[in-house]
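Protein chains in written order, with the working numbering: chain A, 11 to 630; chain B, 414 to 724.
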Amino acid sequence: MDATTHVIDTHPTIEHHHAHPKLTFVQKYLFSLDHKVIGIQFMFAALLFLLIGGILALILRWQLAYPGEALPWYLLGGVLPETMLASNGALLPEFYNTAFTMHATFMIFFAAMPLLIGVFGNFLIPLQIGARDMAFPVMNMLSFWIALPAGMLMVASFFVEGGAAASGWTGYPTLSAHEGFTGVGLGMNLWLVSLLVLGVSSVLGAINYITTIINMRAPGMTMFRMPLTVWSLFVTAILLLLALPVLTAALVMLLMDRSIGTNFFLPTGLLMAGTPLDNVGGGQPLLYQHLFWFFGHPEVYILVLPGMGIASELLSTFSRKPIFGYRAMVFSMIGIAFLSWIVWGHHMFQSGMNPVLGTTFMISTMVIAVPSAIKVFNWLGTIWGGNIRFTVPMLYALAFIAMFTIGGLSGIFMASTPVDAFIHDTYFIVAHFHYVIFGGSLFAIFGGITFWYPKMFGRMMNPTLGKIHFWLSFIAFNCTFFPMHILGIGGHMRRIYDPTVYTHLQHMQPINEFITISAIVLGFSQIIFLFNLLYSLVRGERASANPWQANTLEWTIPSPAGHGNFDDIPTVYHGPHEYSSPLVTEDYLPQTRRVGEDAVSLAVGDARAVPVANGNGAHH
Amino acid sequence: MVNAIRRTGMVLMLALASVSTMLAQDSTATKPRYDTWWLPEANSTVAGPIDDLFYLILWITTAVFLIVFGALIAFIIKYRYREDRRAVYTHGNNRLEVAWTVIPALILVFLAIMSQSVWSDIKMDAPGADTSVVIDLRPRQFQWDIRYAGADGKFETPDDISTTNQMHVPINKAVLLNMTAQDVIHSFFVPEFRMKQDAVPGMVTRYWFTATKAGQYEIACAELCGLGHYRMRGFLTVHTQEDFDAWYAAEMAKKAAQLNPPAAAAPTAPTDTAATAAGDTTAAAASGAAGAGSAAGADTTAAVDTAATSR
Numbered sequence: 011m012d013a014t015t016h017v018i019d020t021h022p023t024i025e026h027h028h029a030h031p032k033l034t035f036v037q038k039y040l041f042s043l044d045h046k047v048i049g050i051q052f053m054f055a056a057l058l059f060l061l062i063g064g065i066l067a068l069i070l071r072w073q074l075a076y077p078g079e080a081l082p083w084y085l086l087g088g089v090l091p092e093t094m095l096a097s098n099g100a101l102l103p104e105f106y107n108t109a110f111t112m113h114a115t116f117m118i119f120f121a122a123m124p125l126l127i128g129v130f131g132n133f134l135i136p137l138q139i140g141a142r143d144m145a146f147p148v149m150n151m152l153s154f155w156i157a158l159p160a161g162m163l164m165v166a167s168f169f170v171e172g173g174a175a176a177s178g179w180t181g182y183p184t185l186s187a188h189e190g191f192t193g194v195g196l197g198m199n200l201w202l203v204s205l206l207v208l209g210v211s212s213v214l215g216a217i218n219y220i221t222t223i224i225n226m227r228a229p230g231m232t233m234f235r236m237p238l239t240v241w242s243l244f245v246t247a248i249l250l251l252l253a254l255p256v257l258t259a260a261l262v263m264l265l266m267d268r269s270i271g272t273n274f275f276l277p278t279g280l281l282m283a284g285t286p287l288d289n290v291g292g293g294q295p296l297l298y299q300h301l302f303w304f305f306g307h308p309e310v311y312i313l314v315l316p317g318m319g320i321a322s323e324l325l326s327t328f329s330r331k332p333i334f335g336y337r338a339m340v341f342s343m344i345g346i347a348f349l350s351w352i353v354w355g356h357h358m359f360q361s362g363m364n365p366v367l368g369t370t371f372m373i374s375t376m377v378i379a380v381p382s383a384i385k386v387f388n389w390l391g392t393i394w395g396g397n398i399r400f401t402v403p404m405l406y407a408l409a410f411i412a413m414f415t416i417g418g419l420s421g422i423f424m425a426s427t428p429v430d431a432f433i434h435d436t437y438f439i440v441a442h443f444h445y446v447i448f449g450g451s452l453f454a455i456f457g458g459i460t461f462w463y464p465k466m467f468g469r470m471m472n473p474t475l476g477k478i479h480f481w482l483s484f485i486a487f488n489c490t491f492f493p494m495h496i497l498g499i500g501g502h503m504r505r506i507y508d509p510t511v512y513t514h515l516q517h518m519q520p521i522n523e524f525i526t527i528s529a530i531v532l533g534f535s536q537i538i539f540l541f542n543l544l545y546s547l548v549r550g551e552r553a554s555a556n557p558w559q560a561n562t563l564e565w566t567i568p569s570p571a572g573h574g575n576f577d578d579i580p581t582v583y584h585g586p587h588e589y590s591s592p593l594v595t596e597d598y599l600p601q602t603r604r605v606g607e608d609a610v611s612l613a614v615g616d617a618r619a620v621p622v623a624n625g626n627g628a629h630h
Numbered sequence: 414m415v416n417a418i419r420r421t422g423m424v425l426m427l428a429l430a431s432v433s434t435m436l437a438q439d440s441t442a443t444k445p446r447y448d449t450w451w452l453p454e455a456n457s458t459v460a461g462p463i464d465d466l467f468y469l470i471l472w473i474t475t476a477v478f479l480i481v482f483g484a485l486i487a488f489i490i491k492y493r494y495r496e497d498r499r500a501v502y503t504h505g506n507n508r509l510e511v512a513w514t515v516i517p518a519l520i521l522v523f524l525a526i527m528s529q530s531v532w533s534d535i536k537m538d539a540p541g542a543d544t545s546v547v548i549d550l551r552p553r554q555f556q557w558d559i560r561y562a563g564a565d566g567k568f569e570t571p572d573d574i575s576t577t578n579q580m581h582v583p584i585n586k587a588v589l590l591n592m593t594a595q596d597v598i599h600s601f602f603v604p605e606f607r608m609k610q611d612a613v614p615g616m617v618t619r620y621w622f623t624a625t626k627a628g629q630y631e632i633a634c635a636e637l638c639g640l641g642h643y644r645m646r647g648f649l650t651v652h653t654q655e656d657f658d659a660w661y662a663a664e665m666a667k668k669a670a671q672l673n674p675p676a677a678a679a680p681t682a683p684t685d686t687a688a689t690a691a692g693d694t695t696a697a698a699a700s701g702a703a704g705a706g707s708a709a710g711a712d713t714t715a716a717v718d719t720a721a722t723s724r
């Protein structure tokens with residue numbers, strides 16, 4: 011094939027066709043080195059942890075709506091032990107604090123991150139850049155097999171004496187730095203170790219993704235011809251690589267304060283129940299907060315960027331249009347990533363740090379809203395003028411735009427330091443992050459799983475069940491989380507076991523009840539998705555190679571994708587989102603399809619619409 | 414046709430009026446104090462500016478929300494799939510990119526500037542000790558240990574006045590709180606004042622306010638501090654200046670009597686009569702809710718004003 015005149019040469023790919031000996035079950039499914047299998051392993055593990063996190067949320071929601079009332083049977087009322095429930099079956103305050111701590115921990119570290127990065131990163135990156143596998147398949151396998159034990163450690167922490175961690179997922183000292191302040195001993199140490207182990211898994215994964223994307227792109231796949239999903243995962247991996255070591259430092263220091271007598275965070279004069287603690291002094295609680303949030307803010311962008319990439323891909327595919335402003339989308343992701351390092355103090359406006367920092371971090375936080383706004387407008391631009399197919403993935407992607415916008419706008423209130431003085435540590439904050447992570451990322455995850463399911467398993471998920479799940483989730487989600495803004499505005503604090511203790515909150519209890527009922531509907535609606543996922547494995551309609559008529563490289567190979575992905579490494583001729591191109595009659599144009607001399611003159615990000623050339627029957 | 418429009422308009426206005434009346438804050442004495450699902454009353458000098466900022470951001474974000482959602486819904490309807498159509502093949506528009514980068518940036522810079530002027534007002538100029546009531550606040554698991562300087566005007570002296578969970582301040586006068594947590598991080602929060610401040614062990618953080626309406630407010634802990642975080646409830650009573658002086662004088666007298674039991678009471682304590690005139694009554698019930706084991710020392714007094722006179 012004439013590879014010299016028209017193809018932009020990227021790094022030569024390393025092609026190795028080697029005959030595989032027949033793999034044992036253990037090699038093929040358990041300790042597989044195939045990135046696709048590893049991605050699917052992450053998916054099933056993460057969905058399990060999503061379930062655990064979800065049940066914990068419903069349990070604590072019950073207590074908020076009906077303080078002191080026994081948990082019903084469908085929320086494990088008859089099952090939880092007496093360390094967690096009072097004699098009448100109501101939640102104990104001790105376990106309430108554990109419930110919200112572990113809910114957040116499981117959701118952030120063991121559900122959202124593995125789903126976004128472990129599943130889509132692993133499954134899609136080699137496929138979408140035209141590689142046979144990751145740069146380091148063994149390390150990839152290790153990445154999963156380190157993450158899973160970390161999750162199991164976290165689950166195990168429920169069963170030790172003193173129970174699981176109860177200092178919030180943020181784990182601020184000094185509350186978290188000494189067993190006596192919470193009553194949680196080994197459970198908190200296990201929490202720390204679990205996250206430290208998970209950090210290793212994430213860093214290994216990040217190294218793999220970055221190396222693979224830089225080095226293993228197929229011929230013609232320039233950086234600016236990569237699908238936005240890959241871009242988002244690339245930027246996310248860089249954030250992970252740089253942010254996780256800081257979390258590691260903070261967690262190690264905290265673990266050392268708890269166990270070997272260091273005083274990183276334990277200040278002089280610290281009292282417990284009025285009595286001075288021995289061998290304590292010289293530490294600074296605020297140091298932890300700086301370290302934690304220096305990781306924590308990039309972390310929240312880690313949690314949302316892949317969802318943005320997936321949403322971009324789904325919106326373009328199902329609007330049958332190129333991405334509006336591809337380069338702007340790339341640069342805004344890079345901008346978000348870059349700025350995410352200098353906004354961490356907005357989590358600490360009321361912490362007691364110097365008020366001048368309240369000014370500086372406010373400015374940087376206001377600025378970081380700009381690239382996100384750019385993305386929202388470009389998404390609207392993508393669907394404008396489109397020919398929209400309302401498939402189930404598209405529904406999720408459209409919901410993503412809506413929910414992310416709400417979440418992003420509510421963030422502006424917090425960016426303003428004086429307003430934050432009021433809404434910090436209230437339910438307004440809880441509403442904000444659930445809108446961006448659940449309404450944003452999780453909806454993108456649902457869309458992404460539905461979209462790539464045929465490539466994973468060779469079958470389609472049932473679209474009727476998908477639509478039912480979507481509508482139930484969308485409505486229940488908004489009914490659950492929008493009223494939380496109102497609670498926060500009314501001054502309802504976070505992390506409190508019984509709001510009725512406060513006179514100024516009692517009148518808002520009907521809102522709490524409404525939220526809880528909606529949350530229960532939301533939680534149980536997820537059964538539909540899980541059922542659809544599992545049922546379609548055996549009963550789903552068999553999928554063709556390209557059931558969605560999409561452009562990217564994974565749709566040029568069979569469904570499910572075979573080992574080694576491509577028979578021959580493909581050559582890429584144009585960008586990933588060339589839908590409704592005037593060069594062809596179909597409304598999609600795979601990246602591997604060459605269409606005459608004009609193909610490579612299509613500069614991606616060209617602001618002018620390409621005029622109809624060569625006829626070819628294309629018409630507007 | 415026109416009549417139909419007029420009728421619809423009136424119905425809408427009526428609906429809007431009823432809804433906003435229900436939502437509006439009403440300070441007539443007959444209504445219960447907490448009944449709106451919205452911002453609490455604004456009862457400190459900074460609450461007004463913070464609320465103004467809040468509303469400014471609310472209107473801007475609402476406008477953006479309507480634009481984005483309007484476009485989203487319009488596009489979903491207008492551009493739904495039709496067999497005979499083809500999507501517009503475009504990769505973008507540079508002028509639009511610039512526009513929707515610059516305009517949000519300008520709006521956000523504007524918000525930052527507006528916010529900064531409020532922030533510097535409330536955070537950069539602490540009131541002096543001579544023009545304010547200075548209180549030492551030392552929260553612990555799970556109560557607010559409050560201390561006043563007492564007759565000698567100095568802290569850490571035997572005549573300091575201590576209370577647990579009961580803060581008393583005068584109206585329209587700056588109150589400066591110097592706080593250090595004893596054990597874990599707590600956060601002092603009075604919703605009607607619109608500010609909160611973390612109290613951190615090992616460092617002194619400061620918070621000042623000027624209350625503008627007399628009455629009894631709840632103090633909430635707004636930073637997870639352990640099992641009893643949810644019941645770390647305190648009471649802040651805003652008195653008229655006279656009532657506050659009277660309360661304070663009575664406290665000083667009590668303290669002096671404690672320190673010099675057999676001898677005569679302290680000379681500077683004027684008015685037992687003033688104290689009784691203020692209508693001090695002790696109602697122990699309220700302090701019981703604050704929970705976990707009380708008195709760290711013998712100095713705690715729990716004096717609760719009914720505040721009926723002050724409302």
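Think of the CB as a built atom: it goes at the ideal place given N, C-alpha and C, for glycine as much as any other residue.
State the Cα-Cα distance for the pair residue i and residue j, rounded to the nearest angstrom.
{"i": "Lys-626(B)", "j": "Asn-456(B)", "result": "6 Å"}
{"i": "Val-353(A)", "j": "Leu-497(A)", "result": "26 Å"}
{"i": "Ile-333(A)", "j": "Ala-247(A)", "result": "23 Å"}
{"i": "Leu-349(A)", "j": "Ser-374(A)", "result": "7 Å"}
{"i": "Pro-453(B)", "j": "Arg-337(A)", "result": "46 Å"}
{"i": "Ala-655(B)", "j": "Val-380(A)", "result": "It should be pointed out that residue 655(B) corresponds to Glu in this sequence rather than to Ala. So the alpha carbons of these two residues sit roughly 52 Å apart."}
{"i": "Ser-440(B)", "j": "Phe-492(A)", "result": "A caution first: Ser-440(B) carries a pLDDT of 48, below 50, which makes its placement in the model too unreliable to give a value."}
{"i": "Glu-605(B)", "j": "Ala-460(B)", "result": "7 Å"}
{"i": "Ala-687(B)", "j": "Thr-653(B)", "result": "Annotation note: pLDDT 41 at Ala-687(B) (below 50); position unreliable, coordinate value reported separately. C-alpha separation (whole angstroms): 13 Å."}
For residue i, which three-state DSSP category applies?
{"i": "Ala-80(A)", "result": "coil"}
{"i": "Leu-637(B)", "result": "coil"}
{"i": "Ile-598(B)", "result": "coil"}
{"i": "Ser-322(A)", "result": "helix"}
{"i": "Ser-212(A)", "result": "helix"}
{"i": "Trp-558(A)", "result": "coil"}
Let's test the definition: count the other Cβ atoms within 10 Å of the Cβ of residue i and tell me whether it reaches 16, buried, or not, exposed.
{"i": "Ala-682(B)", "result": "Confidence is the limiting factor: at Ala-682(B) the pLDDT is only 47, short of 50, which leaves the residue's position unreliable, though a coordinate-based value still follows. Flag for Ala-682(B) reads buried."}
{"i": "Ala-678(B)", "result": "Its pLDDT being 49, under 50, Ala-678(B) is placed unreliably in this model, and the value from its coordinates should be taken loosely. Counting Cβ neighbours within 10 Å, Ala-678(B) comes out exposed, since fewer than 16 surround it."}
{"i": "Met-162(A)", "result": "exposed"}
{"i": "Tyr-631(A)", "result": "A question about residue 631(A) goes unanswered here, because the residues of chain A that appear run from 11 up to 630."}
{"i": "Ser-97(A)", "result": "exposed"}
{"i": "Val-47(A)", "result": "buried"}
{"i": "Gln-299(A)", "result": "buried"}
{"i": "Gly-418(A)", "result": "buried"}
{"i": "Phe-304(A)", "result": "buried"}
What are the boundary residues of the beta strand (DSSP E) that residue i is part of?
{"i": "Val-582(B)", "result": "579-583"}
{"i": "Trp-532(B)", "result": "Looking at the DSSP string, Trp-532(B) is not in any beta strand (DSSP E); the run it does join, the alpha helix (DSSP H), is 507-536."}
Alpha helix (DSSP H) containing residue i: first to last residue?
{"i": "Leu-251(A)", "result": "238-269"}
{"i": "Arg-560(B)", "result": "Element bounds for Arg-560(B): not the alpha helix (DSSP H) but the beta strand (DSSP E), 556-561."}
I want to know whether the stretch 466-482 of chain A touches the stretch 152-168 of chain A - three or more CB-CB distances under 8 Å. no
On the three-pair Cβ rule with 8 Å, is the stretch 127-140 of chain A touching the stretch 77-92 of chain A? no
Between the stretch 605-621 of chain B and the stretch 525-543 of chain A, are three or more C-beta pairs nearer than 8 Å? no
Tell me whether the stretch 644-651 of chain B and the stretch 541-561 of chain B touch, counting them as touching only if at least three CB pairs, one residue from each stretch, are closer than 8 Å. yes
Count the CB pairs spanning the stretch 438-447 of chain A and the stretch 537-550 of chain B that are closer than 8 Å, and state whether there are at least three. no
Please confirm if the stretch 486-506 of chain B is in contact with the stretch 453-463 of chain A, defined as three or more CB-CB distances below 8 Å between the two stretches. no
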